[in-house]
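Going by my numbering, the sequence shown opens with residue 159, and the numbers climb by one from there.
Heads up, the beta-carbon is just placed ideally off N, CA and C, and yes, glycines get one too.
In this text, all values refer to a predicted model and were calculated from it rather than measured experimentally.
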Amino acid sequence: MDTIIPRKNRKFRSLTIVIGVFLALAVIVFFSFNSKRSLNVKADELTVQKVEKAFFEDFVVFQAKVEPLNVMLVNVTEGGSVKEIFVENGAMVSKGQSLARLYNPNTELNYLTQETAIIEQINNLNNGKLNIRNQELNLTKDFVLIEHDYNDAKRLYDMNSKLFAKEVISKNDWNTFKESLRFQEERKRTIQQSIQKEKQSNQVQISQINRSIQTMEKSLDILRNNKKNFLITAPESGRLTSFEPVLGKTFQAGESIGRIDSNKGYKLVAAVDEFYLEKIREGLKGQVEYKGTTLEVLVTKVIPEVKGGRFTVELAFASKENITLQDGLSFGVKLILSEKNKTLVVPKGSFNQETAGKWIFVVKGNKAERRNIKLGRENPSYFEVLEGLKEGESVITSTYADYKDIEELSINRE
């Protein structure tokens, strides 16, 4: 006789199977998410170094070129073609020494035309002065004649006044002599006043003419000095550099044709990575090596304008001793950014290019695990460790290009 199985037992078994499958999937998913992404690597592909406490010196090393401390440009005042060259590049020159002569026929013709016009104006003004002097001379001559007539009238008046008193001459004759004297007195006074006014007016005109002549003469001097601008001379004593004129070559007004190095010292000029813009300031000290001797230098100027990812720094030699250097010579400068202090450091390596200083592989036996860290300052040798590492731990400092998504490395040492 068949046994009837209850329906609810079959339902329970189906439910058990479903729960089991679900739990199995959950376990698989759990382990897949919690298992570390690992990679096997050979030991000889890695660079492993120790985290240590060492004296950390924050410094930067860069190349700097020697430039004269004082440089004066030799500029072209009047444009033209090179006609004569008197010295060679690199020669020692004295202030005012002739360096080269330019030639510009159009400008010289223009100067000649202007000079002729100015001289003609000066001559016309001088002729005007001469005419005024001649007018004064003619007035003086006229006044001499008038004064002579007055003296004659006065003499006749004096003589006839006695005769009239003795009744030798008639009253009509006496009145004639009186009228003649009065007329000559009035004439003399009028002409004398006119001459005085004329002289005052002439003095004003002559003063104006003289000022005009002075202005013209100054213009003429400037014009003649400008003609001398075709002769290029040394503005300062020193060594002539960057001086490479060629006969027939044309230079424009204001263009530089060379420079004078005054030999009063040197400076170093460097283009430094913009990363150090906030760290480098005036007064920082550094060192350079020259002929086996360490020379002290210091930052004298920081030009913050960034071009091509770099900014300009100028440095001076601390020593006051005369150092003979060659313009353009290159030095490796070690610039100290902070004083030495003992701190936890990790040697520099390529790992930082991928991690940006946020994590690193820490080696324990044949394994290397990824660990979050925090780095601080750096110099060409070390990174300063702020968080995440301890003294004596071993870390991988070689490139992480193939390990960016890896959490654990298995190191094969065979």
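I'd like to know if the region 531 to 546 and the region 220 to 232 are in contact, where contact means that at least 3 CB-CB pairs between them fall below 8 Å. With the cut-off at 8 Å, the region 531 to 546 and the region 220 to 232 do not touch.
Rounded to the nearest angstrom, what separates L435 and V504 at their Cα positions? 24 Å
Output the boundary residues of the beta strand (DSSP E) element that contains V464. 451 to 465
Please state whether DSSP places Y261 in a helix, a strand or coil. strand
C-beta contact flag for N421 and G396 at 7 Å: yes
Cβ-based neighbour list, G486, same chain, cut-off 7 Å, excluding 5 preceding and 5 following: K223, V224
Going straight from the alpha carbon of L339 to that of K312, what length do you get? 6 Å
So which of K346, F541, T373, G467 has the shortest CA-CA distance to T298? K346
A411 CB to nearest heavy atom of the ligand FAD below 6 Å: Ligands displayed in this structure: none; no statement on the ligand FAD is therefore possible.
Provide the residue(s) that pair with I152 in DSSP beta bridges, ordered along the chain. No answer is possible for residue 152: the residues shown for the chain start at 159 and end at 572.
Using the three-state DSSP reduction, which class does S365 fall into: helix, strand or coil? helix
Cβ-Cβ distance between S239 and G406 below 7 Å: yes
Determine the direct distance from the alpha carbon of I304 to that of Q272, and round the result to whole angstroms. 48 Å
Starting from N510, follow the alpha helix (DSSP H) in both directions and report where the run begins and ends. 509 to 513
Tell me whether V209 sits in a helix, a strand or coil according to DSSP, three-state version. coil
Distance, Cα to Cα, E294 vs K376? 29 Å
If contacts are defined as beta-carbon pairs under 8 Å, then G254 and A392 qualify, I think. What distance do you get, rounded to the angstrom? In this structure, G254 and A392 form a Cβ contact; the two beta carbons are roughly 6 Å apart against a cut-off of 8 Å.
Could you pull out every residue in the same chain whose Cβ sits closer than 6 Å to the Cβ of S193, ignoring the five residues on either side in sequence? Its pLDDT being 49, under 50, S193 is placed unreliably in this model, and the coordinates cannot settle the point.
Range covered by the beta strand (DSSP E) that runs through N387: Note, N387: premise wrong, no beta strand (DSSP E); not H, not E.
If you count every other CB in all the chains shown that lies within 10 Å of the CB of E454, and 16 or more means buried, which is it? exposed
Is the Cβ-Cβ distance between Y269 and K385 less than 7 Å? yes
Any idea what DSSP makes of G396, helix, strand or coil? Per DSSP, reduced to three states, the secondary structure at G396 is strand.
Name the DSSP beta bridge partners of L426, please? V224, L473
What would DSSP say about K355, mapped onto helix, strand or coil? helix
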